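>
In the numbering used here, the protein residues as written are 8 to 80.
1) Near residue 14, which residues of its chain fall below 6 Å by C-beta distance, leaving aside the five closest residues on each side in sequence?
2) Starting from residue 54 and walking both ways along the beta strand (DSSP E), at which residues does that stretch end?
3) Give the range of the alpha helix (DSSP H) segment to which residue 22 is assigned.
4) DSSP state of residue 13, grouped into three classes?
5) Using three-state DSSP, classify residue 36 as helix, strand or coil.
Structural data, given as structure tokens:
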């Protein structure tokens, strides 16, 4: 099955997204957008993708309603 694009952003944020999704048991992949990235630059453009079957769950984890919002606070 294919992969679906989930997040574009600076490397430092993409790495956090990957770590968070892995903690939830998902299988994200980190991709460099540039063909010759400067790996010391934490602000370089990157992309995170997930398998298509994990996309909805990953999207809910990242951008879904928090437990606090659900509780009405």
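Ideal Cβ placement from N, Cα and C applies to all residues, glycine included. Bear in mind the structure is a predicted one, so any value in this text is a computation, not a measurement.
In this structure, then:
1) Translated into the one-based positions of the chain shown, residue 14 becomes position 7. Excluding sequence neighbours, residue 14 sits near 24, 55.
2) For the purposes of this step, residue 54 is taken as the residue at position 47 of the chain shown. Taken as a continuous stretch (DSSP letters only), the beta strand (DSSP E) holding residue 54 covers 52-58.
3) What you label residue 22 is simply residue 15 of the chain shown in a count that begins at 1. Judged by DSSP secondary structure, residue 22 falls within the alpha helix (DSSP H) whose first and last residues are 18-30.
4) Taking the chain shown and counting its residues from 1, one reaches residue 13 at position 6. Here residue 13 sits in strand by DSSP.
5) Taking the first residue of the chain shown as 1, we reach residue 36 at position 29. For residue 36, the secondary structure class from DSSP, reduced to helix, strand or coil, is strand.
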